[in-house]
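Position 771 (the sequence shown) corresponds to 771 in UniProt numbering; numbering is contiguous. Every residue gets a Cβ at the ideal spot worked out from N, C-alpha and C, and that includes glycine. See below for the structure under consideration.
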Amino acid sequence: MAGAQRGWAPGAMSDEDDSEAVGIAKAIELLEEIGGFDDRNSADDDEDDDDDDDDGHRFVNPDGEIVRLQWMLDRNAYDYNSHVALIKIMRDESDFGLPVARRNMSEIFPLTEGLWLDWLKDEIQQTKDSEREKIYELFERAVKDYICPQIWLEYAQYSIGGIGQEGGIARVRAILERAIIQVGLHVTKGAAIWETYREFENAILATMQPAPGSVPTLEQQQNIKAQLQKIHSLYRRQLGIPLIDMESAFLEYQYWTEEPIPDAVLKNYAKALKQLQKYKPYEDALLIAEAPKLAEYEAYIDFEMKIGDPARIQLVYERALSENCLVPDLWTRYTQYLDRQLKVRTLVLPAHERAVRNCPWTVKLWNHYLMALERHQVEHQVISETFENSLKAGFAQATDYVEIWQAYLDYHRRRVDFTQDSSKELEELRSTFARALNYLKQEVEERFNESGDPSCTIMQAWARIEARLCNNMQKARELWDLIMVKGNAKYANMWLEYYNLERAHGDTLHCRKALYRAVQCTQDYPEHVCDVLLTLERNEGTLEDWDAAVERTETRLARVKEQRAKAAAKEAALAKQEEEKANQRKQAQAQKAALKKAQYPKAGNKRKADSDDEWVQEELAFKRPKGGMRCMSEEELQEWDKLELERNIELEVELGLFGKKDAPKVLHDSKKEGFTVFVSNLPYLMGKPEKKLRRLFAKCGEVAEVRPIFTNKGSFRGYAYVEFKDERSALQAFELDRTLVGGRPMFVSPYVDKSKNPDFKVFKYSTDLELHKLFISGLPFSCTKEDLEELCKGHGNVKDVRLVTNRAGKPKGLAYVEFENEMQASQALLTMDGLTIKGHVINVAISNPPSRRFPEKPESQSQNPSFQQASGRRRKGRTQLAMVPRALQRQSNPASKAENGTLQNPPAMPSPSGERPKKMTNADFAKLLLRK
Numbered sequence: 001m002a003g004a005q006r007g008w009a010p011g012a013m014s015d016e017d018d019s020e021a022v023g024i025a026k027a028i029e030l031l032e033e034i035g036g037f038d039d040r041n042s043a044d045d046d047e048d049d050d051d052d053d054d055d056g057h058r059f060v061n062p063d064g065e066i067v068r069l070q071w072m073l074d075r076n077a078y079d080y081n082s083h084v085a086l087i088k089i090m091r092d093e094s095d096f097g098l099p100v101a102r103r104n105m106s107e108i109f110p111l112t113e114g115l116w117l118d119w120l121k122d123e124i125q126q127t128k129d130s131e132r133e134k135i136y137e138l139f140e141r142a143v144k145d146y147i148c149p150q151i152w153l154e155y156a157q158y159s160i161g162g163i164g165q166e167g168g169i170a171r172v173r174a175i176l177e178r179a180i181i182q183v184g185l186h187v188t189k190g191a192a193i194w195e196t197y198r199e200f201e202n203a204i205l206a207t208m209q210p211a212p213g214s215v216p217t218l219e220q221q222q223n224i225k226a227q228l229q230k231i232h233s234l235y236r237r238q239l240g241i242p243l244i245d246m247e248s249a250f251l252e253y254q255y256w257t258e259e260p261i262p263d264a265v266l267k268n269y270a271k272a273l274k275q276l277q278k279y280k281p282y283e284d285a286l287l288i289a290e291a292p293k294l295a296e297y298e299a300y301i302d303f304e305m306k307i308g309d310p311a312r313i314q315l316v317y318e319r320a321l322s323e324n325c326l327v328p329d330l331w332t333r334y335t336q337y338l339d340r341q342l343k344v345r346t347l348v349l350p351a352h353e354r355a356v357r358n359c360p361w362t363v364k365l366w367n368h369y370l371m372a373l374e375r376h377q378v379e380h381q382v383i384s385e386t387f388e389n390s391l392k393a394g395f396a397q398a399t400d401y402v403e404i405w406q407a408y409l410d411y412h413r414r415r416v417d418f419t420q421d422s423s424k425e426l427e428e429l430r431s432t433f434a435r436a437l438n439y440l441k442q443e444v445e446e447r448f449n450e451s452g453d454p455s456c457t458i459m460q461a462w463a464r465i466e467a468r469l470c471n472n473m474q475k476a477r478e479l480w481d482l483i484m485v486k487g488n489a490k491y492a493n494m495w496l497e498y499y500n501l502e503r504a505h506g507d508t509l510h511c512r513k514a515l516y517r518a519v520q521c522t523q524d525y526p527e528h529v530c531d532v533l534l535t536l537e538r539n540e541g542t543l544e545d546w547d548a549a550v551e552r553t554e555t556r557l558a559r560v561k562e563q564r565a566k567a568a569a570k571e572a573a574l575a576k577q578e579e580e581k582a583n584q585r586k587q588a589q590a591q592k593a594a595l596k597k598a599q600y601p602k603a604g605n606k607r608k609a610d611s612d613d614e615w616v617q618e619e620l621a622f623k624r625p626k627g628g629m630r631c632m633s634e635e636e637l638q639e640w641d642k643l644e645l646e647r648n649i650e651l652e653v654e655l656g657l658f659g660k661k662d663a664p665k666v667l668h669d670s671k672k673e674g675f676t677v678f679v680s681n682l683p684y685l686m687g688k689p690e691k692k693l694r695r696l697f698a699k700c701g702e703v704a705e706v707r708p709i710f711t712n713k714g715s716f717r718g719y720a721y722v723e724f725k726d727e728r729s730a731l732q733a734f735e736l737d738r739t740l741v742g743g744r745p746m747f748v749s750p751y752v753d754k755s756k757n758p759d760f761k762v763f764k765y766s767t768d769l770e771l772h773k774l775f776i777s778g779l780p781f782s783c784t785k786e787d788l789e790e791l792c793k794g795h796g797n798v799k800d801v802r803l804v805t806n807r808a809g810k811p812k813g814l815a816y817v818e819f820e821n822e823m824q825a826s827q828a829l830l831t832m833d834g835l836t837i838k839g840h841v842i843n844v845a846i847s848n849p850p851s852r853r854f855p856e857k858p859e860s861q862s863q864n865p866s867f868q869q870a871s872g873r874r875r876k877g878r879t880q881l882a883m884v885p886r887a888l889q890r891q892s893n894p895a896s897k898a899e900n901g902t903l904q905n906p907p908a909m910p911s912p913s914g915e916r917p918k919k920m921t922n923a924d925f926a927k928l929l930l931r932k
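Okay, structure coming up:
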């Protein structure tokens, strides 16, 4: 293809004349000097390698390890690591089963460049010259897996070693032409193929030269002239392609040729040099980047797509896939480009085949492969075998199997000629539908404990085909009966789908039956199906039909209304009980506060805050002794703490906060479920949340009320309820889910009663093992999301970065980084773990958040004996400091645990007289410090 664009192709080369065979022996000697593939000296190299690897991999029992790996592969043939380990140990131990192990792996997976080179090297050592065709077949398999310049170079050099066989020169030229088409455009490695090709042709030219002192014949002169034209053509073709170090090739051509270089060649060379400058930034980025270099390759692909050269686009895709063979999205982009742009069967189908061999777990690639086979009119048997292979791939989700069956059923449907009453293809379609349902029931449900198709989409498709294309409503009704039996009878949309099918292809009698059953069974929207039934009878029914429909719908709606009223009454009774309990607690607490208030004088002051009605407590201005609290005695400190406690209680009573353990509870109103949404994960420090949320959700529709939830101290709890005027506005509000508000993703979820729907789950971060996501700890608190994203994007495509913060929005030094796939995450893990950032050594691990555990409620401190025995003082907060040195503090718990054999803060020992030491006053304490 590239040759056709540049005016050359493999078929343009002429066949060798018989005269060329005269100098074959001499050509072999010359080719050995230029580095032909010497397949006889590799054994010595192996001996040297063995000497260097005396301390290499050693197994205590290699035979046992081989048996274990073979047993694992018998259980799971798609275990890639076991295949690689088995081949390695067999190669180290010179096991006779090595060829079989390699062949088994190559049938399932494409092999990497290193695996192929090892295989080819081993086979060449053991193969005789008479069996060279076996090596050629192996090389052909190798070059189909990936575009690897090194394998093509070895293939060309090995073919040069067989030039002495019949047709050897023609075979070498054909292989070298194919190599140029495949990798000759490779900017950094393509020059090696061109150089090998030129040296081969120069060696052939040397064999054609006449002996010194002899005059060449006319035939020899013609052959020499033709050979010179071939070498000229190679130079000129190479100089028209942007390749690294192409200046040296130009100088070599100037030195070699005796003719002036044509202007057209010089123009192409200048154009290629200019193009090389555009490619260099991308090649330099690939050179310095670390594997797998996905981001750099994607930028390179986008650049080539803008230029639009199909050969170069295909090459850069192949280069990217050789290092990112396990990225399904990259295979999808490549195959879609081939399907939509090139549409060449010999290019499209092999690419699809390699895609599913590299990523067999991706159902999308299998679907595209099946459609490509159908698009290029491949035999039905091949498509069926491909589908059977897809079922063995081991998809990760039950829905994947439903999707692949749907694609295969669509293919069967397109094969059927529905103008005929019966055909072989139609029977195959029906049997395939039956097999799909049986497979999903027996295989998928047993494996995943779920059907994967709860809405019975495959059965619905079968029913539509029978009704619309086969005019078989009886079969369609049987299928819909099965759909309803599988738990779909309570949904109005399923009944209306069946009704529409009957309406289009059935009769009024069955439409009426379907709607009557829907009125009886529907649980989510019975009013809707009742309206449809009444509309049907109004337009087509008799008066008796209308009366019967009205009676049935009124009875059903009355029962629904009664059930809803009972549920609402029960909910109201529970709410009333909770309200009464709250009032009782409030009265008891008010009485207790009033009693305290009567016992102690009023002190302190309060004030109201600004126009936002937020309460701000002022620091209580207590009268303090002149010397400060340090000069107080123990009794004075106790009295001060007691007075401070009573003043705080008084202040809380006046503020209406005394005794409140939590924020006011928002009672659930079932009548507002359709009009209200629950908004969570908002910033705790959000100011004026009601105004901001009202302005944020105004775009969805008219907001009736915003109910933010606050703590007992008036701080925002991070969630709220937003009520709209109509249900449509509430549905549009769900589109704002995950919108960033104050740097946090806002979660918008339905407004439901958790007591009646305990299984309802709103958003929560996953606690499962996430192989494509990394957990980073030890980050400096100053590290921002942008800094972390810049650090991680060098290892792959970063989809999301989430910094973990506390309730105040301050970072904890933790983060989650989500990559596009598992390979990028694992590469980033190996590179970033232990990295130093701003003086902090970070730790990187695969994301596996622990399940949230709710600790048992601790015993009340009022039940703690040591607390009851205290002298009446209130407990000190964690921020309060004891003003007495540790050496003089008394141990409150004499049974303290000993550490290293010494008691921590031992209690004061009694005096020899048996009396406890007298309490030290502040004056005694001052004397002790001043040593008076």
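Is it right to say E618 is buried, meaning 16 or more other beta carbons lie within 10 angstroms of its own, or is it exposed?
Any answer about E618 is weak, because its pLDDT of 37 lies below 50 and its placement is not dependable; what the coordinates show is given next. That one is exposed.
The beta strand (DSSP E) with R281 in it runs from where to where?
Checking the sequence shown, residue 281 turns out to be Pro, not Arg. Counting along the chain, no beta strand (DSSP E) covers P281; the unbroken alpha helix (DSSP H) around it starts and ends at 263-288.
Which residue wins for smallest C-alpha separation from V356, given the options D329, R375, W480?
The shortest C-alpha separation from V356 is found at D329.
Mind the definition here: the stretch 260-267 touches the stretch 295-314 only if three or more C-beta pairs lie below 8 Å; say whether that holds.
No: the two stretches stay apart, fewer than three of their Cβ pairs being nearer than 8 Å.
Whole angstroms is fine: what's the gap from C325's alpha carbon to E259's?
When rounded, the distance between both Cα atoms is 47 Å.
Who are the near neighbours of K857 in its chain, counting only those whose CB is closer than 8 Å to its CB and skipping five residues on each side?
A caution first: K857 carries a pLDDT of 42, below 50, which makes its placement in the model too unreliable to give a value.
According to DSSP, residues forming a beta bridge with T676
Note: T676 sits in a beta bridge opposite E723.
Write down the C-beta distance between A845 and L774 rounded to the nearest angstrom, noting that I regard them as a contact closer than 8 Å.
A845 to L774, Cβ: 7 Å. Contact.
Residue range of the unbroken beta strand (DSSP E) whose run includes D245:
Counting along the chain, D245 falls outside any beta strand (DSSP E), and DSSP gives it neither H nor E.
Short of 7 Å in beta carbon distance, which residues of its chain neighbour A489, apart from the five on each side in sequence? Order them along the chain.
Residues C521 of the same chain have their beta carbon placed closer than 7 Å to that of A489, with the five preceding and five following residues left out of the count.
Would you identify the three-state DSSP class for P62, choosing helix, strand or coil?
Looking at P62 - three-state DSSP - the assignment turns out to be helix.
Among G742, R707, K441, which residue has its Cα nearest to the Cα of Y751?
Closest by alpha carbon: R707.
Which residues DSSP lists as bridging R707, in chain order
Answer by DSSP bridge pairing, in chain order: Y721.
Secondary structure of E298, DSSP reduced to three states:
DSSP places E298 in helix when its eight states are reduced to three.
Residue burial classification, I288 (beta-carbon count within 10 angstroms, cutoff 16):
Exposed, because fewer than 16 other Cβ atoms sit within 10 Å of the Cβ of I288.
Where does E770 sit, in a helix, a strand or coil, going by DSSP?
Assigned with DSSP and collapsed to three states, E770 falls in strand.
7 Å is my cut-off, CB to CB: does A249 come that close to chain B?
Structure shown: chain B not included; a single protein chain is present.
Does the stretch 518-533 come close enough to the stretch 548-565 to have 3 or more Cβ pairs within less than 8 Å?
These segments touch.
Using a Cβ-Cβ cut-off of 8 Å (strictly less than) and excluding sequence neighbours within five positions of N104, which residues of its own chain qualify?
Counting only Cβ-Cβ distances below 8 Å, and skipping sequence neighbours, we find L73, A77, H83.
In three-state terms, what does DSSP make of Q220?
In the structure shown, the three-state DSSP call for Q220 is helix.
Going by beta-carbon coordinates alone, are V183 and P210 separated by less than 7 Å?
Cβ distance not < 7 Å, so V183 and P210 don't count as in contact.
On a Cα-Cα basis, can you pick out the residue from I147, Y146, E154, F200 that is closest to A170?
Considering only alpha carbons, the answer is F200.
For my contact list, E65 and I89 are in at a C-beta cut-off of 8 Å; report their separation, rounded to the angstrom.
So it is a contact: roughly 6 Å between Cβ atoms.
For T386, which of N681, E527, H368 has the nearest alpha-carbon?
Closest option to T386, Cα to Cα, is H368.
What residue range does the alpha helix (DSSP H) around K785 cover?
Unbroken alpha helix (DSSP H) run through K785: 785-792.
Counting C-beta neighbours from all protein chains within 10 Å, is the total for V801 16 or more, i.e. buried, or is it exposed?
With 16 or more other Cβ atoms within 10 Å, it is buried.
According to DSSP, F747 sits in a beta bridge with which residue or residues?
DSSP, once it has assigned bridges, lists S680 as partnering F747.
Write down the C-beta distance between R178 and L234 rounded to the nearest angstrom, noting that I regard them as a contact closer than 8 Å.
Not a contact, Cβ separation roughly 15 Å.
Rounded C-beta distance between I776 and A815? I'm assuming under 8 Å.
Right, their Cβ atoms sit about 5 Å apart.
Taking the C-alpha atoms as reference points, what is the distance between N797 and A101?
Roughly 36 Å separates the two Cα atoms.
Which partner residues does T836 have in the DSSP bridge list?
Beta bridge pairing from DSSP links T836 with V841.
Can you name, in chain order, every residue of its own chain whose Cβ lies under 6 Å from the Cβ of N472, other than the five neighbours on each side?
Correct list, in chain order: E466.
Paired residues, beta bridge with F819 - DSSP
V798.
Through-space distance from P689 to A407, alpha-carbon basis
Taking the straight line from one Cα to the other gives about 49 Å.
Indicate, with yes or no, if the ligand FAD has a heavy atom lying under 6 Å from the CB of G714.
Absence of the ligand FAD is noted for the structure shown, with no ligands found whatsoever.
K134 to V363, Cα distance in whole Å?
If I take the Cα positions, the gap works out to 36 Å.
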